[in-house]
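*Asks:* Numbering of the sequence shown is given in my numbering, commencing with residue 2 and proceeding in unit increments.
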Amino acid sequence: MGDRVQAFARLGAGATTMAALVWLLWPENLSVLSDPEPWFAFATACVFWIFTEFKTVEKSKATENDVRVARELLELHAGQFRFLLKETDLWQFISSEYYTNLGNFCDRWDREVLFFHDQQLNQQLEKLVKELSELHNKIAMNTVPVLLGGEFKTGFKQTRYVSEDEYDKLRAKSKEANSLASTAWQTLDEIVSKVRRTIPEATVKPL
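#1: Do three or more CB pairs link the segment 99-109 to the segment 75-87 at distances below 8 angstroms?
#2: Tell me whether the beta-carbon of Asn179 lies closer than 8 angstroms to the beta-carbon of Leu91.
#3: Assuming contact is defined by CB atoms lying nearer than 8 angstroms, are Thr129 and Ile200 in contact in what I supplied?
#4: For Val33, does the three-state DSSP call read helix, strand or coil?
#5: Note the first and the last residue of the continuous beta strand (DSSP E) segment covering Thr155.
#6: Put Ile95 into one of helix, strand or coil per three-state DSSP.
#7: Would you grab the beta carbon distance between Ala63 and Glu202 for me? Rounded to a whole angstrom, and I think it's under 8 angstroms.
#8: Check whether the segment 106-121 touches the segment 157-167, taking contact to mean three or more Cβ pairs, one atom from each stretch, closer than 8 angstroms.
#9: Determine whether the beta carbon atoms of Thr188 and Glu127 lie at a separation below 8 angstroms.
#10: Alpha carbons only, please: which of Glu152, Thr160, Trp186 and Gly156 is nearest the one belonging to Ala141?
#11: State the DSSP-derived secondary structure class of Leu189, mapped to helix, strand or coil.
#12: Does the Cβ of His137 have 16 or more other Cβ atoms within 10 Å, making it buried, or fewer, making it exposed?
#13: In the DSSP assignment, the beta strand (DSSP E) including Leu115 goes from what residue to what residue?
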């Protein structure tokens, strides 16, 4: 029962109870007090009123797996994937760990250990993984990790001199990668929006 429906039920039950109480306590003569009918009406109204005071809670049908996956996507949306897919120009060097984690995420889907039981969410997740895989492949085929400042980093930008023609080609490929990242971010954003509506447990308490 929704909050609005329950509010109307409380008002109705309260009005019915008060009407029964007036019937019982405002008789034309005292003989009515021995009449079981007003007593029955009053008792029934009271019981119904009491039951309307117990707020019903709609329980989510999400499985523990779906809550866990939803929470992971919420964390990625707020953290690593936000940085990689939305906030970063992939032309620049970033820690290669971001791409490693991206590949591991897609690999878990391929091994069927990452999924939603909810069919609609799972279809959206499948779409996301496909888009992330395209991005990962684009990066893997066109970049090479380099050691910078004691850490391996990946980007289309070059640390050595390249010809103007090669530079333009790399720039074009980085723009393609950025476009793939933007598409994947939009899909992730849509999934997270639905998760917040349909699996509220993912936002409130751990399993």
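Built from N, CA and C at the ideal position, the CB exists for glycine as well.
*Replies:* Taking the geometry as given:
#1: yes
#2: Yes, Cβ-Cβ distance for Asn179 and Leu91 is below 8 angstroms.
#3: Going by the sequence as given, residue 129 is Leu instead of Thr. No, the Cβ-Cβ distance between Leu129 and Ile200 is not below 8 angstroms.
#4: With a pLDDT of only 49 at Val33, under 50, the local geometry of the prediction cannot be trusted, and the value read off the model is given with reservation. Reduced to three states, the DSSP call for Val33 is helix.
#5: Element bounds for Thr155: Glu152 to Thr155.
#6: strand
#7: 6 angstroms
#8: no
#9: no
#10: Gly156
#11: helix
#12: buried
#13: Neither: Leu115 is in no beta strand (DSSP E) and is coded neither H nor E.
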